[in-house]
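Note sheet for the following structure.
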Amino acid sequence: MKAGIVVFPGINRERDMAIALEQSSGVKPRMIWHKETDLSGLDLVVIPGGFSFGDYLRCGAMAAQSPVMASVRAHADRGGYILGVCNGFQILTEAGILPGALLRNAALRFLSMDCHLRVERSDTVFTARYQKGQTFRAVMAHGDGNYFADDATLDRLEGQGLVALRYTTQQGNVPLGDITKDANRNGSVRSIAGIYTPNLRVLGLMPHPEDMVDPLMGCTDGKPLFDALAAA
Amino acid sequence: MKAIVTVMLKSGVLDPQGKAIAHALGTLGFTGVHDVRAGKIIELDLAETDPAKAREAAEDMARKLLANTVIESFRVSLDG
Numbered sequence: 001m002k003a004g005i006v007v008f009p010g011i012n013r014e015r016d017m018a019i020a021l022e023q024s025s026g027v028k029p030r031m032i033w034h035k036e037t038d039l040s041g042l043d044l045v046v047i048p049g050g051f052s053f054g055d056y057l058r059c060g061a062m063a064a065q066s067p068v069m070a071s072v073r074a075h076a077d078r079g080g081y082i083l084g085v086c087n088g089f090q091i092l093t094e095a096g097i098l099p100g101a102l103l104r105n106a107a108l109r110f111l112s113m114d115c116h117l118r119v120e121r122s123d124t125v126f127t128a129r130y131q132k133g134q135t136f137r138a139v140m141a142h143g144d145g146n147y148f149a150d151d152a153t154l155d156r157l158e159g160q161g162l163v164a165l166r167y168t169t170q171q172g173n174v175p176l177g178d179i180t181k182d183a184n185r186n187g188s189v190r191s192i193a194g195i196y197t198p199n200l201r202v203l204g205l206m207p208h209p210e211d212m213v214d215p216l217m218g219c220t221d222g223k224p225l226f227d228a229l230a231a232a
Numbered sequence: 001m002k003a004i005v006t007v008m009l010k011s012g013v014l015d016p017q018g019k020a021i022a023h024a025l026g027t028l029g030f031t032g033v034h035d036v037r038a039g040k041i042i043e044l045d046l047a048e049t050d051p052a053k054a055r056e057a058a059e060d061m062a063r064k065l066l067a068n069t070v071i072e073s074f075r076v077s078l079d080g
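Protein sequences, first through last, are from chains A and B.
Here the working numbering is used: the first residue of the first sequence is 1, the next is one more, and so on.
Here the working numbering is used: the first residue of the second sequence is 1, the next is one more, and so on.
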């Protein structure tokens, strides 16, 4: 897959994302400045993490209005693949490409720590190298990762199998209730860590899989996501 | 003409900042505070002088950028 990474002012995880993508695909992704509008030739558009526009007004609110986002939306409309991580997930919800919103973490503290994620389905281009129900380790680094959507939206997401990943304990137990000390620390509704669009080609998630792709990082649990994308 | 847009989280949306503020008020000795919700105010200094048009413009800005209507509601008031 030909990949491009969108860079807004204040984004800071684009190079780690490039390392993860290049490691799995052997190809350097294209870096796309937020004022560019030509995404032709790209199969996968990645919106990485950081503090775009300083998180001013709301996380991702300004970035969602940048010139590039009209092209990102068109890319999604014609069946293109999009991966939004952390600020990228926030930007995708602000742009209306994914439903719901990311609120301030329920306990108000910025969370900079490991989490565990359960793979809800393994039949997407993102999760093809995981097993359904598998738990893997990822990293949280966010102050506003508390996923929220109204009941009608949640029922639709669940009903259509669009919940991609849930926060779990290390043993793979998804907590009842919205916030727990050992699994769902940001209070996301139904422990939702990531969601898909109906065509399963757009994935937004708050944790960082690109942090776990090299033995030097102490864990390579995120590598299967990038390997699957590279093989698609 | 100034348009003042007040943006608040919709009721039913958890407001942990409001809760933290309520807790701090309690610590300071203020009693009888049932609940606190914190929002934001955006002041727009508009060239438009017609109040109806200014209000319409401010509401459009609120819907498109200033408020995330998934989780926030807004109201507009005009000044001068």
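Where is the CB? At the ideal position from N, CA and C, for every residue including glycine.
Note that the structure is a prediction, hence the values are computed from the model and not measured.
Neighbouring residues, chain A, relative to residue i (Cβ below 7 Å)
i, result
"Ile71 of chain B", "Ala101, Leu103 and Phe148"
"Leu65 of chain B", "Ala61 and Gln65"
"Ala20 of chain B", "Leu108"
Element boundaries [beta strand (DSSP E), containing residue i]
i, result
"Ser73 of chain B", "Glu72 to Asp79"
"Ser71 of chain A", "Unbroken run through Ser71 of chain A is the alpha helix (DSSP H), Pro67 to Asp77; no beta strand (DSSP E)."
"Asp45 of chain B", "Lys40 to Asp45"
"Ala193 of chain A", "Ile192 to Tyr196"
"Gly204 of chain A", "Val202 to Leu205"
Contact list for residue i against chain B, beta-carbon separation under 9 Å
i, result
"Ala107 of chain A", "Pro16"
Where the alpha helix (DSSP H) containing residue i begins and where it ends
i, result
"Arg55 of chain B", "Pro51 to Met61"
"Ile82 of chain A", "Where Ile82 of chain A is concerned, there is no enclosing alpha helix (DSSP H), although the beta strand (DSSP E) it sits in stretches over Tyr81 to Val85."
"Ile19 of chain A", "Glu14 to Ser25"
"Gly18 of chain B", "Pro16 to Thr27"
8 Å Cβ cut-off: residues of chain A touching residue i
i, result
"Val13 of chain B", "Leu103 and Phe148"
Chain B residues whose Cβ lies nearer than 8 Å to that of residue i
i, result
"Arg253 of chain A", "Outside the displayed range of chain A (1 to 232) lies residue 253 of chain A, so it cannot be described from this structure."
"Glu94 of chain A", "Asn68"
DSSP bridge partner residues for residue i (one or two, in chain order)
i, result
"Gly30 of chain A", "With the sequence shown as reference, residue 30 of chain A is identified as Arg, and Gly is not the correct amino acid for it. Its beta-bridge partners are A:Gly4."
"Ile11 of chain A", "A:Gly50"
"Cys219 of chain A", "A:Asp214"
"Ala3 of chain B", "B:Leu44 and B:Leu78"
"Val13 of chain B", "Answer by DSSP bridge pairing: none, since Val13 of chain B is not bridged."
"Val45 of chain A", "A:Gly4 and A:Ile82"
"Met8 of chain B", "B:Ser73"
"His208 of chain A", "A:Val139"
Cβ of residue i within 9 Å of any chain C Cβ
i, result
"Ser188 of chain A", "Note that chain C does not occur in the displayed structure, where the protein chains are A and B."
Exercise. Determine, using beta-carbon pairs with one atom in the region 212 to 230 of chain A and one in the region 29 to 41 of chain B, whether at least three such pairs fall under 8 Å.
Key: Cβ pair count under 8 Å is below three, so no.
Quiz item: Which full runs of the alpha helix (DSSP H) of 4+ residues lie inside the region 92 to 170 of chain A, going along the chain?
Solution: Restricted to the region 92 to 170 of chain A, the alpha helix (DSSP H) segments that are unbroken, complete and at least 4 residues in length are 151 to 159, listed in chain order.
Quiz item: Would you call the region 61 to 73 of chain A and the region 30 to 44 of chain A in contact, with 3 or more CB pairs under 8 Å?
Solution: Touching, per the Cβ criterion.
Quiz item: Counting Cβ pairs, one atom from each stretch, are 3 or more of them under 8 Å apart for the region 72 to 84 of chain A and the region 197 to 206 of chain A?
Solution: Result yes; three or more Cβ-Cβ pairs closer than 8 Å.
Self-check item: Stretch-stretch touch, CB-based, cutoff 8 Å, three pairs: the region 58 to 65 of chain A with the region 181 to 192 of chain A
Solution: Contact fails between the region 58 to 65 of chain A and the region 181 to 192 of chain A, because fewer than three Cβ pairs, one in each stretch, are under 8 Å apart.
Quiz prompt | the region 90 to 106 of chain A touching the region 61 to 80 of chain B, judged by at least three CB pairs closer than 8 Å | solution = They touch, by the three-pair rule.
Exercise. Could you say if the region 149 to 159 of chain A and the region 130 to 137 of chain A meet the contact criterion of at least three C-beta pairs nearer than 8 Å?
Key: Segments in contact, no.
Quiz item: Pairing CB atoms from the region 210 to 226 of chain A with CB atoms from the region 14 to 24 of chain A, are three or more of them under 8 Å?
Solution: Put simply, the region 210 to 226 of chain A touches the region 14 to 24 of chain A. At least three CB pairs are less than 8 Å apart.
Quiz item: Touching or not, the region 10 to 22 of chain A and the region 42 to 58 of chain A, by the rule of three or more beta carbon pairs under 8 Å?
Solution: Yes: at least three Cβ pairs fall under 8 Å.
Practice problem: Tell me, please, whether the region 113 to 127 of chain A touches the region 157 to 169 of chain A by the rule of three or more beta-carbon pairs shorter than 8 Å. | Solution: Yes, since at least three Cβ pairs between the region 113 to 127 of chain A and the region 157 to 169 of chain A fall closer than 8 Å, the two stretches touch.
Quiz item: Can you find at least 3 beta carbon pairs, one from the region 35 to 52 of chain B and one from the region 13 to 20 of chain B, that sit closer than 8 Å?
Solution: Verdict: yes, contact present.
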